[in-house]
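Enquirer:
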Amino acid sequence: MIGIYKIKPVKWAVMPFVALLITSCVGAPKLPITSFSQMDNKETVVVGRIELVPPLEKDEQELSFTVKKYRGKTLLITDETYRELDDLNPGDFSGRIEAALGKTFYVKAPHKPFYILAGVIFMRVAGTTNERAYLPAGFKIDIKPNDKAVYIGTVRYYRDEFFKITKVEIKDNYEEENTEFRKLFGNKFKLRKELVDIVRNHK
Amino acid sequence: MRRMRSVFVILLASIIMHGCAPLIKRIDDTNRGIVIGYIDMDEAPTKLEFVDIYQALPKTKEPYWGCAIDDGMFYHILPFGSYQVSSFGGVERFLIFSGASYVYNMPDYGANETSVRVKKPGIYYVGSYKYKKIKTGFFSPNKFDLIKTDKPTERELLKRLTKDAAGTPWEPVIRKRLEELK
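Line by line, the protein sequences give chains A and B.
Read in order, the letters of the first sequence are residues 720 to 922 in my numbering.
Read in order, the letters of the second sequence are residues 504 to 685 in my numbering.
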């Protein structure tokens, strides 16, 4: 079991990720969009949803005002190549998907496959406290060069009272999501279904 | 006046003695679980001076329980619920001088190996562990690992606890478990 220890007084040389996120010293997230006019011809809309069962309770996250925008959200760490995440570095947050839990996200991504390595939920952020919960992933999003829009499914995480993830389900709600997609984006381009695949099948 | 002073002295002595009495002598309610474990701190900068257990269920505004400590052994007597070790630590000491205090934090989210569900009265052994430091860079948080070991065993820890439990309602509970572990 890996843990972190503190020596009081705190080592001021350590800079929390959260401060970097606030000051935008880490790379930008994948941008949310609601129209194809917000994309260029080398980009694809990625449509998906992350659910947590049971969902977060109203006061379960204790977030200071500087990070309250992450309330009810998970940050999906992405990369173009698959790797196991031992530790999170500030650079890992570049290209993240900021997904509101229980809600469909629409973000733009380059026209090539990428991986969701893990999900991070800020649980307690105040002062020097920075506690996070993690959602295991290791999913491949197989975007093809001609894709304009890709539906990756609903990833449903079941957790126990310790926030240990006990089960992960990939749900196919394509019909429902396609209806919503057409309302937002129109009928010009098809929403192709490409449910996330667990990386071990691709190793 | 002399009688009042005697009463006061006896009262004060019993308060002090009761306050210093081992935890197992202070909790009579056996409709609980003894959660017990061990951490070998030989490679740590400090000895084990406190262990906090976090109560995941039932939810409460004060979810932390401070354990009794005895030479690496820690335990608490907890009502039914879900728990795991949240942090432990100690203070650097040299002769009569105190140095920095160390707080070793386990991740609060995600079960660790010490997680336990107390569902009925009895003994809940969460394991014996060895502290191991992990080298990190200067700008990285200080890290450690807790490696599960097989020493001391649950039986050895309970034998140590038997001394303090003598004459308490917990003595038969511990003896019963020792029989099962033979």
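Glycine residues also receive a C-beta, built at the ideal position from the N, C-alpha and C atoms.
Which word fits D802(A), buried or exposed, when buried means at least 16 other C-beta atoms lie within 10 angstroms of its C-beta?
Expert: A small correction: the amino acid at residue 802(A) is Arg; Asp does not occupy that position in the sequence shown. It is exposed - the Cβ of R802(A) has fewer than 16 other Cβ atoms within 10 Å.
Enquirer: Using 8 Å as the cut-off, can you tell me whether the segment 751-761 of chain A makes contact with the segment 775-791 of chain A, which would need three or more C-beta pairs spanning the two stretches below that distance?
Expert: Judged by Cβ distances under 8 Å, the segment 751-761 of chain A makes no contact with the segment 775-791 of chain A, as fewer than three pairs qualify.
Enquirer: Ignore the nearest five residues each way along the sequence and tell me which others in F929(A)'s own chain have a CB closer than 7 Å to its CB.
Expert: What is shown of chain A runs 720 to 922, which leaves residue 929(A) out entirely.
Enquirer: What does F882(A) touch in chain B if you count any residue whose Cβ is under 7 Å from its own?
Expert: Simply Y612 and G613.
Enquirer: Quick one, which of D555(B), E546(B) and A571(B) has its alpha-carbon nearest C523(B)'s?
Expert: Out of D555(B), E546(B) and A571(B), A571(B) has the C-alpha closest to the C-alpha of C523(B).
Enquirer: How would you write the range of the beta strand (DSSP E) that R878(A) sits in, first residue to last?
Expert: Run containing R878(A): A868 to R878, per the beta strand (DSSP E) assignment.
Enquirer: Indicate whether A559(B) and K883(A) have their beta-carbon atoms separated by less than 7 Å.
Expert: Against a cut-off of 7 Å, the Cβ pair of K883(A) and A559(B) comes out as no contact.
Enquirer: Near R901(A), what residues of its chain come up, given a Cβ to Cβ distance below 6 Å and the 5 sequence neighbours on each side ignored?
Expert: Same-chain partners within the cutoff: there are none.
Enquirer: Considering only C-alpha positions, which residue in the set D916(A), T753(A) and E913(A) is nearest to K827(A)?
Expert: Measuring from the Cα of K827(A), the nearest candidate turns out to be T753(A).
Enquirer: Identify which residue in Y605(B), R620(B), T617(B) and K666(B) has its Cα closest to the Cα of A547(B).
Expert: Considering only alpha carbons, the answer is Y605(B).
Enquirer: Any idea which residues DSSP pairs D543(B) with across the strands?
Expert: D543(B) is bridged to K633(B).
Enquirer: Does DSSP put S604(B) in a helix, a strand or coil?
Expert: Of the three classes helix, strand and coil, the one that applies to S604(B) here is strand, per DSSP.
Enquirer: Closest to P855(A) by CA distance: which of G540(B), N534(B), Y612(B) and V619(B) is it?
Expert: For P855(A), the nearest C-alpha among the options comes from Y612(B).
Enquirer: Could you tell me whether the segment 550-558 of chain B touches the segment 524-536 of chain B, using the rule of 3 or more Cβ pairs below 8 Å?
Expert: No, they do not touch.
Enquirer: L551(B) versus chain A: which residues are under 8 Å apart at the beta carbon?
Expert: Near L551(B) there are no residues of chain A at all, since even the closest Cβ is about 13 Å away, more than 8 Å.
Enquirer: Looking only at C-alpha atoms, which of L750(A), V766(A), P751(A) and V745(A) sits nearest to G872(A)?
Expert: Ranking the options by Cα distance to G872(A), first place goes to V766(A).
Enquirer: So what's R529(B) in DSSP terms, helix, strand or just coil?
Expert: Three-state result, R529(B): helix.
Enquirer: Assess contact between the segment 887-897 of chain A and the segment 791-807 of chain A, defined as three or more Cβ pairs (one per stretch) separated by less than 8 Å. Is contact present?
Expert: The answer is no - the segment 791-807 of chain A does not touch the segment 887-897 of chain A, with fewer than three Cβ pairs under 8 Å.
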